[in-house]
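Peer 1: In the working numbering, the protein residues as written are 1 to 127.
Each residue gets a CB set at the ideal place from its N, CA and C atoms; glycine is no exception.
As the structure is a computational prediction, the values presented were derived from the model and not from experiment.
What follows is a structure written as structure tokens; I'll ask about it next.
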Amino acid sequence: MAGIYKAYDIRGIYPNELDEDTILKIGRAYGDMLMESNKGNVEIVVGMDMRTSGEVLKNKLIEGLTMQGVHAVYGGLMSTPTFFYSVAAFGYVGGMQVSASHNPKEYNGVKIVKKGAESLGYDTGID
1 MAGIYKAYDI RGIYPNELDE DTILKIGRAY GDMLMESNKG NVEIVVGMDM RTSGEVLKNK
61 LIEGLTMQGV HAVYGGLMST PTFFYSVAAF GYVGGMQVSA SHNPKEYNGV KIVKKGAESL
121 GYDTGID
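Below, the structure is given as structure tokens:
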């Protein structure tokens with residue numbers, strides 16, 4: 001699994017490197033982190049791009065988050081700038097976007113941000 005952790009996101013070839021079970025675990029881990037560092041209700045936004053594997057991965061991600069007590073608000077299909085804006089402008093404690101950015105279509109992944117749309121990456125919280 002170490003190969004999927006990148007500087008600014010988590011991504012790999014679906015389903016060989018990144019699959020439903022892995023994204024469920026990622027959702028649970030981020031949910032744990034959020035629940036430990038925030039008091040009261042924890043609400044984040046979840047978005048996705050239009051990759052064909054996005055729907056199933058988004059559903060598993062939300063399942064993992066909700067298993068840990070996080071309220072995941074699905075924002076629908078959105079660009080990365082819109083995702084970052086949504087987290088910051090609407091005051092969510094974090095966000096996750098199912099996307100592999102500029103990578104080929106067989107890839108997918110997840111961008112993770114905390115309050116203020118501050119990115120979490122390999123050296124900034126998801127290592």
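Measuring only the C-alpha atoms, how far is VAL87 from GLN68?
Peer 2: 20 Å
Peer 1: So if DSSP puts GLN68 in a beta bridge, which residue, or which two residues, is it bridged to?
Peer 2: Looking at the DSSP assignment, GLN68 forms no beta bridge with any residue, so it has no partner.
Peer 1: Can you check whether the CB of LEU18 is closer than 8 Å to the CB of ARG28?
Peer 2: no
Peer 1: What ranges does the alpha helix (DSSP H) occupy inside the stretch 20-67, keeping only unbroken runs of at least 4 residues that lie completely in it?
Peer 2: 20-37 and 54-67
Peer 1: Report all residues from its chain with a CB closer than 6 Å to the CB of GLY31; omit the five preceding and five following residues, and keep chain order.
Peer 2: LEU65, GLN68 and VAL70
Peer 1: Does the Cβ-Cβ distance between ASN16 and ARG51 come in under 8 Å?
Peer 2: no
Peer 1: Have a look at GLY3 and ASN41 and give me their C-alpha separation to the nearest angstrom.
Peer 2: Looking at the two C-alpha atoms, the distance is approximately 33 Å.
Peer 1: Where does VAL93 sit, in a helix, a strand or coil, going by DSSP?
Peer 2: coil
Peer 1: Using 10 angstroms around the beta-carbon of ASP9, count the other beta-carbons present and answer buried if the total reaches 16, otherwise exposed.
Peer 2: buried
Peer 1: Excluding sequence positions up to five away, which residues of its chain have a Cβ less than 6 Å from the Cβ of VAL98?
Peer 2: MET48, GLY54, LEU57, LYS58 and VAL110
Peer 1: Should VAL46 and TYR74 be called a contact, given that it needs their Cβ atoms to be closer than 8 Å?
Peer 2: yes
Peer 1: Among PRO104, TYR85 and LYS114, which residue has its Cα nearest to the Cα of GLY95?
Peer 2: LYS114
Peer 1: Short of 6 Å in beta carbon distance, which residues of its chain neighbour ILE23, apart from the five on each side in sequence? Order them along the chain.
Peer 2: LEU57, LYS60 and LEU61.
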